[in-house]
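The block underneath contains the structure these notes are about, expressed in structure tokens.
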Amino acid sequence: MSKLNRREVLAQVLENRGDALVVPGLGTSNYDLFAVSPSDCNAYIWNAMGLTVPTALGLAIARPDRRVLVVTGDGEMMMGIGSLSVVASQNLKNLSILIMDNEMFEETGKQAGLSSLKADIAKIAEGSGIARTMTVRSGNEVARLSRFLLEEDGPALAVAKVGPSMDKPVFPSMDGPGIVKTFRSAVLG
Amino acid sequence: MSQAPAQTDDGWSGQVFGLIKNAGISLVTTVPDAGLTRLLNMCAGDSGMRVVTLSTEEEGVGIGYGAWLGGTRALLCLQSSGTGNIINGLALPAYHETPFLMLVTMRGQEGEGNPAQFPMGRAVRSVFEAMGVTVLEAETKEQVAEDFGKAVKMAFDEGKMVAVLISQKVIGAKSFGK
């Protein structure tokens with residue numbers, strides 16, 4: 614079975630994103646988000662590996678009226694894996710997490726990641742107290758993802774088993790203060 | 010606003026709590042420390058505030074940044090040893106030039122009964138300063154609220170990263186049950 618294409622999965626999930634706020638992990642998730650669903654409601658991130666889920670958690674606490682979605686990779690998630698238990702502790706219905714699990718550190722040379730060995734991120738999430746999790750491996754399961762992540766109550770975590778990135782990276786703005794200004798203007802008016 | 014639980018005053022927690030409320034800070038993240046207990050209990054007892062317990066202090070940096078993106082002011086309360094856990098995380102508010110406020114209870118200083126606390130305790134100021142964080146250190150009870158008030162202005166009016174260190178002279182040494 615061929616692995617899922619991560620950019621196609623993301624495009625399908627965000628096709629009808631409504632007013633959702635999206636926080637991507639650094640690297641490919643950041644580029645993919647800019648490629649398939651550019652928006653002032655994306656909080657593009659270029660650093661602080663391991664802090665994507667905490668950033669989204671702070672945002673979800675501040676904006677209970679908006680759905681907040683994390684899109685990040687398996688390596689980034691593993692670095693901040695303890696934050697899943699913090700998410701679970703806060704009982705937020707508006708926070709969801711999508712892991713693009715390619716089982717490798719692709720950007721640094723495709724070294725094997727921990728999820729290629731023994732770690733199962735969906736099971737870790739369950740054990741951390743996130744009751745709603747799912748893992749998708751095939752294209753026909755992807756249709757379910759959008760509703761699971763954007764419409765049904767959070768907290769929820771989905772793992773998409775994806776192949777290596779097939780697409781040319783495209784880069785959002787690297788202007789840190791500009792990213793904040795754009796996002797806050799869009800969200801806070 | 011609900012009443013904070015009645016507790017013996019330590020000479021600074023009540024004042025800092027008042028400054029937190031006045032500043033409109035509604036989110037407090039923490040890996041707890043003995044010296045922070047009174048303040049954290051006051052925050053947890055306030056119906057307008059949310060206290061989030063972390064698995065590592067670094068998460069508090071991300072939560073604070075995300076909260077700022079959504080228009081909420083946050084405070085990270087930590088013990089000095091946690092400073093070492095947040096170094097790369099501080100790149101987030103540093104790169105985005107967003108406010109970040111921390112309150113740090115010191116270990117590894119005068120009267121410390123556990124020499125294992127010395128290496129990180131000694132490094133706290135230089136680690137913060139290396140990441141661009143302004144450090145204010147309160148050596149007396151009276152100075153805590155004064156410094157915290159200044160730090161609130163520096164963070165939220167000027168967009169700086171600021172840490173208020175509460176010296177072990179103020180907190181007292183951990184007794185280890187002796």
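Protein chains in written order, with the numbering used here: chain V, 614 to 802; chain Y, 10 to 187.
C-beta atoms are modelled at their ideal positions from N, C-alpha and C, and glycine is treated no differently.
Val635 (chain V) - containing beta strand (DSSP E), residue span: Taking the first sequence and counting its residues from 1, the one referred to as residue 635 (chain V) is at position 22. First-last of the beta strand (DSSP E) with Val635 (chain V): 634-637.
Supposed close pair Met129 (chain Y), Ser90 (chain Y) - CB separation, criterion 8 angstroms: Taking the second sequence and counting its residues from 1, one reaches residue 129 (chain Y) at position 120. Taking the second sequence and counting its residues from 1, one reaches residue 90 (chain Y) at position 81. Taking a contact as a CB-CB distance under 8 angstroms, the pair Met129 (chain Y) and Ser90 (chain Y) counts as one, their CB atoms being some 5 angstroms apart.
Secondary structure of Met10 (chain Y), DSSP reduced to three states: For the purposes of this step, residue 10 (chain Y) is taken as residue 1 along the second sequence, with counting starting at 1. Here the model assigns Met10 (chain Y) a pLDDT of 45, short of 50, so the residue's position is not dependable and the matter cannot be decided.
Cβ contact (3+ pairs, closer than 8 angstroms) linking the region 103-111 of chain Y and the region 143-153 of chain Y: With a cut-off of 8 angstroms on Cβ pairs, the region 103-111 of chain Y is not in contact with the region 143-153 of chain Y, counting fewer than three such pairs.
Run of the beta strand (DSSP E) containing Lys774 (chain V), from where it starts to where it stops: The count along the first sequence starts at 1 and reaches residue 774 (chain V) at position 161. The continuous beta strand (DSSP E) containing Lys774 (chain V) extends over residues 769-774.
Partner residues on chain V for Thr149 (chain Y), Cβ-Cβ distance less than 7 angstroms: If you number the second sequence from 1, residue 149 (chain Y) lands on position 140. Result: empty, since nearest Cβ-Cβ is about 33 angstroms, beyond 7 angstroms.
Minimum Cβ-Cβ distance from Pro785 (chain V) to chain Y less than 8 angstroms: Counting from 1 along the first sequence, the entry for residue 785 (chain V) is found at position 172. With respect to chain Y, the C-beta atom of Pro785 (chain V) has no partner C-beta closer than 8 angstroms.
Partners in chain V for Gly71 (chain Y), counting only beta-carbon separations shorter than 9 angstroms: As a working mapping, residue 71 (chain Y) is identified with position 62 in the second sequence. By Cβ distance, chain V contributes Ala661, Gly663, Leu664, Thr665, Val666, Pro667, Thr668, Ala669, Leu670, Gly671, Gly693, Ser696.
Assigned exposure category for Met10 (chain Y) - 16 Cβ within 10 Å defines buried: In the second sequence, the residue the question calls residue 10 (chain Y) occupies position 1. Low per-residue confidence applies at Met10 (chain Y): pLDDT is 45, beneath 50, and the placement is therefore not dependable, though the value from the model is reported in the following sentence. In summary, Met10 (chain Y) is exposed, with fewer than 16 beta-carbon neighbours lying within 10 Å of its beta-carbon over all protein chains present.
6 angstroms Cβ shell around Leu670 (chain V) - same chain, five flanking residues per side excluded: Walking along the first sequence from the start, residue 670 (chain V) turns up at place 57. If the five residues before and after Leu670 (chain V) are omitted, its C-beta is found closer than 6 angstroms to the C-beta atoms of Val700, all from its own chain and listed in chain order.
Buried or exposed (CB count within 10 angstroms, at least 16 for buried), Phe784 (chain V): On the first sequence, position 171 is the one that residue 784 (chain V) refers to. Classification of Phe784 (chain V): exposed, given that the 10 Å Cβ count is below 16.
Where Ala15 (chain Y) sits in the DSSP three-state scheme: The residue given as residue 15 (chain Y) occupies position 6 in the second sequence. Confidence at Ala15 (chain Y) is low in this model, with a pLDDT of 49, below 50, so its placement is unreliable and the value that follows should be read with caution. Residue state, collapsed to three classes: coil.
Residues near Thr81 (chain Y) in its chain [Cβ-Cβ closer than 8 angstroms; skip 5 each side]: Against the second sequence, residue 81 (chain Y) aligns to sequence position 72. Cβ contact annotation for Thr81 (chain Y) (same chain, cutoff 8 angstroms, sequence separation greater than five): Ser35, Leu36, in chain order.
Helix, strand or coil at Glu754 (chain V) [DSSP, three-state]: Your numbering for residue 754 (chain V) matches position 141 in the first sequence. Residue state, collapsed to three classes: helix.
Identified DSSP bridge partners for Cys86 (chain Y): For the purposes of this step, residue 86 (chain Y) is taken as residue 77 along the second sequence, with counting starting at 1. Looking at the DSSP output, Cys86 (chain Y) bridges to Y:Thr39, Y:Leu112.
Contact list for Gly789 (chain V) against chain Y, beta-carbon separation under 7 angstroms: Your numbering for residue 789 (chain V) matches position 176 in the first sequence. Residues of chain Y passing the Cβ test: Tyr104, His105, Glu106.
Short CB-CB distance (under 8 angstroms) between Ala32 (chain Y) and chain V: Start at 1 with the first residue of the second sequence, and residue 32 (chain Y) comes out as number 23. No, Ala32 (chain Y) does not count as interfacial toward chain V.
Test: Ser64 (chain Y) CB closer than 8 angstroms to a CB of chain V: Working through the second sequence from its first residue, we reach residue 64 (chain Y) at position 55. Closer than 8 angstroms to some Cβ of chain V, the Cβ of Ser64 (chain Y) qualifies, so yes.
Any C-beta of chain V under 8 angstroms from that of Gly54 (chain Y): Mapped onto the second sequence, residue 54 (chain Y) falls at position 45. Residue-level contact check: Gly54 (chain Y) does not touch chain V, since none of the beta carbons of chain V fall below 8 angstroms from its beta carbon.
Val635 (chain V) vs Asn660 (chain V) beta-carbon contact at 8 angstroms: Walking along the first sequence from the start, residue 635 (chain V) turns up at place 22. Walking along the first sequence from the start, residue 660 (chain V) turns up at place 47. Not a contact, by the Cβ cut-off of 8 angstroms.
Under the three-state DSSP convention, the category Asn31 (chain Y) falls into: Residue 31 (chain Y) sits at position 22 when you count from the first residue of the second sequence. It is helical.
C-alpha gap between Ser135 (chain Y) and Gly69 (chain Y), whole angstroms: The residue given as residue 135 (chain Y) occupies position 126 in the second sequence. The residue given as residue 69 (chain Y) occupies position 60 in the second sequence. Spanning the alpha carbons of Ser135 (chain Y) and Gly69 (chain Y) requires a straight line of approximately 20 angstroms.
Residues near Gly117 (chain Y) in its chain [Cβ-Cβ closer than 7 angstroms; skip 5 each side]: To locate residue 117 (chain Y), count along the second sequence from 1; it is residue 108. The residues are Ser89, Gln126, Phe127, Met129, Gly130, Arg131.
Nearest-angstrom Cβ-Cβ length linking Ser652 (chain V) and Met713 (chain V), presumed shorter than 8 angstroms: Along the first sequence, one-based indexing puts residue 652 (chain V) at 39. Along the first sequence, one-based indexing puts residue 713 (chain V) at 100. Contact between Ser652 (chain V) and Met713 (chain V) is ruled out by a C-beta separation of about 18 angstroms, above the 8 angstroms threshold.
Cutoff 8 angstroms: Ile792 (chain V) Cβ touching any chain Y Cβ: The residue labelled residue 792 (chain V) in the question sits at position 179 within the first sequence. Ile792 (chain V) counts as touching chain Y.
Below-8 angstroms beta-carbon distance, Glu193 (chain Y) vs any chain V residue: Nothing in the structure corresponds to residue 193 (chain Y), since chain Y is present only between 10 and 187.
Spatially closest choice to Val649 (chain V) from V:Val684, V:Thr665, V:Arg680, by CA coordinates: For this step, residue 649 (chain V) is matched to residue 36 along the first sequence. Comparing Cα-Cα distances from Val649 (chain V) to each of V:Val684, V:Thr665, V:Arg680, the minimum goes to V:Val684.
Short Cβ contact (8 angstroms threshold) for Asn618 (chain V) with Gly776 (chain V): Counted from its first residue, the first sequence places residue 618 (chain V) at position 5. Counted from its first residue, the first sequence places residue 776 (chain V) at position 163. Going by C-beta atoms, Asn618 (chain V) is nearer than 8 angstroms to Gly776 (chain V).
Arg745 (chain V) - partner residues in DSSP beta bridges: Numbered from 1 along the first sequence, position 132 holds the residue referred to as residue 745 (chain V). Paired residue(s): V:Ala769.
CB contact check: Ser11 (chain Y) to chain V, cutoff 8 angstroms: Taking the second sequence and counting its residues from 1, the one referred to as residue 11 (chain Y) is at position 2. Because the pLDDT of Ser11 (chain Y) is 48, which lies under 50, any placement of that residue in the model is unreliable, and the number read from its coordinates should be weighed accordingly. No - not a single Cβ of chain V is within 8 angstroms of the one on Ser11 (chain Y).
Opposing strand residues paired with Gly686 (chain V) [DSSP bridges]: In the first sequence, residue 686 (chain V) corresponds to position 73, counting from 1. Its beta-bridge partners are V:Met713.
Under 8 angstroms (Cβ pairs) to chain V, residues found in the region 79-97 of chain Y: Listed in sequence order: Gly79, Gly80, Thr81, Ala83, Asn97.
Given 8 angstroms, three or more beta-carbon pairs between the region 665-679 of chain V and the region 61-79 of chain Y: The region 665-679 of chain V, when compared against the region 61-79 of chain Y, does touch it at the 8 angstroms Cβ threshold.
Chain Y within 8 angstroms of Ala624 (chain V), Cβ atoms only: Walking along the first sequence from the start, residue 624 (chain V) turns up at place 11. Output row for Ala624 (chain V): interface = no.
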